[in-house]
Every structure is written in C-alpha cells, then in structure tokens.
Amino acid sequence: MKTLRLADGTLVPALGLGTWRMGETRRARVAEVAAVREAVQLGYRLFDTAEMYGEGGAESVLGEALNGAIAAGEVRRDELFLVSKVYPHNASRRGAVAACERSLGRLGLERIDLYLLHWRGAHALADTLAAFEQLEARGRIVRWGVSNFDLDDMRELFALDAGARCAANQVWYSAGQRGSEYALLPWLAEHGVATMAYSPIDQAALARHGALAAIGRRLGASAAQVALAWVLRRPGVIAIPKAVQATHLRENLAAATLELDAQALHAIDGAFPPPHAATPLAMN
Ligand SMILES: NC(=O)c1ccc[n+]([C@@H]2O[C@H](COP(=O)([O-])OP(=O)(O)OC[C@H]3O[C@@H](n4cnc5c(N)ncnc54)[C@H](OP(=O)(O)O)[C@@H]3O)[C@@H](O)[C@H]2O)c1
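If you use the numbering used here, the sequence shown corresponds to residues 57 to 340, in order.
#1: Express the C-alpha separation of GLU212 and ARG176 in angstroms, rounding to a whole number.
#2: Tell me the DSSP secondary structure of ASP134 in three-state form.
#3: Does ALA253 come out as helix, strand or coil in the three-state DSSP assignment?
#4: DSSP state of ARG61, grouped into three classes?
#5: Give the straight-line distance between the Cα atoms of ALA147 and ALA193, rounded to the nearest whole angstrom.
#6: What number of angstroms, rounded off, separates the C-alpha of SER236 from the C-alpha of ALA320?
#7: Quick check on ASN225: does DSSP put it in helix, strand or coil?
#8: Does the segment 235-254 come close enough to the segment 264-283 that 3 or more CB-CB pairs lie under 8 Å?
#9: Assign LEU67 to buried or exposed, taking buried as 16 or more other Cβ atoms, counted over all protein chains shown, within 10 Å of its Cβ.
#10: According to DSSP, is PHE214 helix, strand or coil?
#11: Please identify the residue among ASP134, THR81, ALA121 and LEU284 whose C-alpha is closest to the C-alpha of VAL96.
#12: Return the first residue and the last residue of the alpha helix (DSSP H) that TRP243 is part of.
#13: Examine chain B for any beta-carbon lying closer than 7 Å to the beta-carbon of LEU172, and answer yes or no.
#14: Take PRO297 and list the residues in its own chain whose beta-carbon comes closer than 7 Å to its own, dropping the five residues that flank it on each side.
#15: Can you give the Cα-Cα distance for ALA187 and ALA127, rounded to whole angstroms?
#16: Can ASN340 be considered in contact with ligand 1, in the sense that its beta carbon sits closer than 6 Å to one or more heavy atoms?
#17: Quick one: what's got a C-beta closer than 8 Å to LEU288's C-beta in the same chain, skipping five residues either side?
#18: Tell me whether ALA295 sits in a helix, a strand or coil according to DSSP, three-state version.
Printed below as a string of structure tokens:
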C-alpha cells in the first residue's frame with residue numbers, strides 16, 4: 057500500500073474507504089457491515105466517516121464491522137486509522153466535545169485518529185479548536201483537521217495560535233474537480249497539511265467516463281482505477297473512495313499501485329484541463 061507521512065511523523069495509507077450513504081437504512085445494514093469487514097480483510101486500514109452520515113448510522117456500521125474484525129484477530133486497533141467529523145452546528149467548545157463522545161460511543165472505540173470540522177459554520181474557529189485541543193489532551197482524538205476549507209479559510213485558521221497544528225483538509229478533489237490544484241493544494245503541501253480527496257471518482261461518474269476508460273484499456277485497468285491513480289499521483293494526497301460492492305472494494309485498493317505514464321497524464325489533461333486561475337472550492 058502506498059503511504060504518506062503526516063506532519064507529526066505518522067505513516068498513513070494513501071487509500072482508504074469512505075462511508076457516506078452507509079447506515080441510512082436498516083435494510084442495507086448487513087451488507088454494509090459485511091462490506092467494511094471485507095475491506096479490512098482485503099487490507100483497507102483507513103476509514104472515513106462523520107456524525108452526519110446516516111445521522112450516526114455510518115459510524116455505527118463502521119464500529120460494528122471494525123470491532124468484529126478486531127475481535128476475530130483480523131486486525132489490531134493500532135493498525136487502523138479512523139477519521140470522523142463534527143457537524144458545524146455542533147462545533148462549539150462544549151458541543152464538539154459532546155459530539156465526539158457520541159461518535160466514539162457509536163464507533164465503540166476509545167479514540168478517533170483524525171477528527172475534522174466537516175465544513176465551516178457559525179461557531180468561531182477558535183472555539184472549535186479549543187474543543188479539539190481538549191479532546192486531544194483527554195486522548196479521545198489523536199489529531200484534528202478540517203474539511204471543505206478553501207485558501208482563505210486555511211489562512212484564517214493558520215492565524216490562530218493552534219491553527220498550524222491542523223493535520224489535514226478533506227476536500228473534493230478528482231479529475232473532474234481539479235480547481236484546487238491552482239492554489240489550495242500547493243498551499244496545503246507547503247504548510248504540511250495532508251489533503252484528503254473525497255468523491256475521488258465523482259460519485260461513480262468517472263467510472264463511466266470514456267476518456268478514462270480508453271486509458272484504462274491500454275493500461276489494463278478500469279476507468280475508476282485510472283481516476284483513483286490520477287488523484288494518488290500527487291504526493292501528500294489521501295483518496296477515500298466509498299464502495300460497498302466487493303468488486304469495487306478490490307478494484308479501488310489495487311488502484312493504489314497503478315502507475316500512470318506520461319501518455320495517460322497527457323490524455324487526462326486533455327479531457328479535464330488543469331485550472332489556469334483560482335476557482336472557488338467545489339463542495340459535495
Ligand atoms: N468531507 C466532505 O464534505 C465529504 C463529502 C463527500 C464525501 N466525503 C467522503 O468521501 C467518501 C467518498 O466520496 P463519495 O462517496 O461522495 O463518492 P465516490 O467515492 O467518488 O463514489 C462512490 C460511488 O462510486 C461507486 N464506486 C466505487 N468504486 C467503484 C468502482 N471501482 N467502479 C465503479 N463504481 C465505483 C460506489 O458504488 P458502491 O457503493 O455500490 O460500491 C458509489 O456509488 C465518502 O463516502 C465520504 O466518506 C466527504
């Protein structure tokens with residue numbers, strides 16, 4: 057598995073599993089728990105969730121699957137890297153602490169490895185950071201970060217005392233959404249903030265894209281794998297595709313070792329031109 061080093065020295069996998077749309081219905085739960093368990097067996101070690109997903113349902117699915125895998129000896133807790141997020145409306149000094157405790161309860165775990173502010177809301181960033189620092193001091197989270205923060209938000213964050221301790225910014229980054237390459241991604245790299253690329257296959261749209269499929273045929277890969285390998289070509293970027301279907305889980309993991317040659321990169325630039333000016337960050 058391709059890895060990258062966070063600013064605090066921790067090595068994390070460059071590819072993880074997203075969980076949005078999991079935990080929304082009782083009917084799908086058994087299949088979702090099985091999918092996460094299968095992901096562990098295949099070698100996934102990084103998992104992304106949020107209190108928002110299924111209003112706690114995704115955290116509960118993840119918790120059941122991961123605790124099952126730990127109890128069965130398939131993985132150790134210290135091999136897993138768990139990411140969750142607080143709703144902006146819960147991100148006050150006391151609210152974020154309480155929200156994190158609820159998330160930990162649903163996950164059935166003692167700590168979250170990376171806790172993110174899901175997007176900017178009405179609470180002052182300084183208050184959210186105070187909560188994050190308190191959770192860190194209590195060992196309930198190991199580190200914190202943000203999500204959907206554009207360059208001006210990052211600058212505002214870094215102007216705060218604890219701001220530069222932000223470990224990651226999770227943003228929509230894919231071949232179809234590459235506006236952040238112009239300014240935000242270079243800024244994050246320069247400041248030691250990891251980029252987590254969400255919706256890296258544009259919620260399945262890129263898996264059906266003709267140009268990516270053509271590149272894939274030449275390289276012996278699927279269009280989705282080309283889309284993921286393209287995101288992962290950038291140092292300091294973690295991709296978190298969501299998948300429930302076993303074929304998707306396998307394909308996506310294998311994409312972490314797919315190398316795109318110059319011809320493929322050129323063809324992708326043709327189909328998805330790189331940005332020539334700063335564009336506002338897109339949000340899913
Ligand atoms: N921070 C934020 O604001 C934010 C926003 C959006 C997403 N996220 C995170 O990022 C994760 C990923 O983003 P996403 O779920 O929006 O979209 P995505 O990962 O780009 O796409 C997921 C969709 O693609 C399908 N798929 C997965 N692998 C495939 C493959 N190899 N071939 C064909 N289809 C494939 C999945 O199908 P199956 O499920 O049927 O296998 C699912 O329908 C989320 O789950 C969430 O954890 C964060």
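We treat Cβ as the ideally placed atom computed from N, Cα and C, and that holds for glycine.
Judging by the given coordinates:
#1: In the sequence shown, residue 176 corresponds to position 120, counting from 1. In the sequence shown, residue 212 corresponds to position 156, counting from 1. Whole-angstrom Cα-Cα distance: 12 Å.
#2: Position 78 of the sequence shown, counting from 1, holds the residue named residue 134. If DSSP states are grouped into helix, strand and coil, ASP134 belongs with the helices.
#3: Within the sequence shown, numbered from 1, the residue matching residue 253 stands at position 197. Strand, per DSSP.
#4: Stepping through the sequence shown from its first residue, residue 61 is reached at position 5. In this structure, ARG61 counts as strand in the three-state DSSP scheme.
#5: Translated into the one-based positions of the sequence shown, residue 147 becomes position 91. Translated into the one-based positions of the sequence shown, residue 193 becomes position 137. Distance between the alpha carbons of ALA147 and ALA193 is about 17 Å.
#6: As a first step, residue 236 must be located in the sequence shown, where it is residue number 180. As a first step, residue 320 must be located in the sequence shown, where it is residue number 264. Looking at the two C-alpha atoms, the distance is approximately 21 Å.
#7: Within the sequence shown, the letter at position 169 stands for residue 225. Strand.
#8: Too few Cβ pairs lie closer than 8 Å, so no.
#9: As a working mapping, residue 67 is identified with position 11 in the sequence shown. By the 10 Å Cβ count, LEU67 comes out exposed.
#10: For this step, residue 214 is matched to residue 158 along the sequence shown. It is helical.
#11: Position 40 of the sequence shown, counted from the first residue, corresponds to residue 96. Nearest to VAL96 by alpha-carbon distance, out of ASP134, THR81, ALA121 and LEU284, is ALA121.
#12: Along the sequence shown, read from residue 1 onward, the residue named residue 243 stands at position 187. Per DSSP, TRP243 belongs to the alpha helix (DSSP H) from 240-246.
#13: No chain B appears in the structure shown, which is made up of a single protein chain.
#14: For the purposes of this step, residue 297 is taken as the residue at position 241 of the sequence shown. Spatial neighbours of PRO297 in its own chain (CB-CB distance under 7 Å, excluding positions within 5 residues in sequence) are listed in chain order as GLY74, PRO256, ILE257, LEU284 and ASN308.
#15: Reading the sequence shown from its first residue, position 131 is the one you call residue 187. Reading the sequence shown from its first residue, position 71 is the one you call residue 127. Taking the straight line joining both Cα atoms gives about 31 Å.
#16: For the purposes of this step, residue 340 is taken as the residue at position 284 of the sequence shown. Look at ASN340: its beta carbon is less than 6 Å from one of the heavy atoms in ligand 1.
#17: Locating residue 288 in the sequence shown gives position 232, counting from the first residue. Correct list, in chain order: LYS58, ALA70, LEU71, ALA295, ALA311 and ALA312.
#18: Reading the sequence shown from its first residue, position 239 is the one you call residue 295. Strand.
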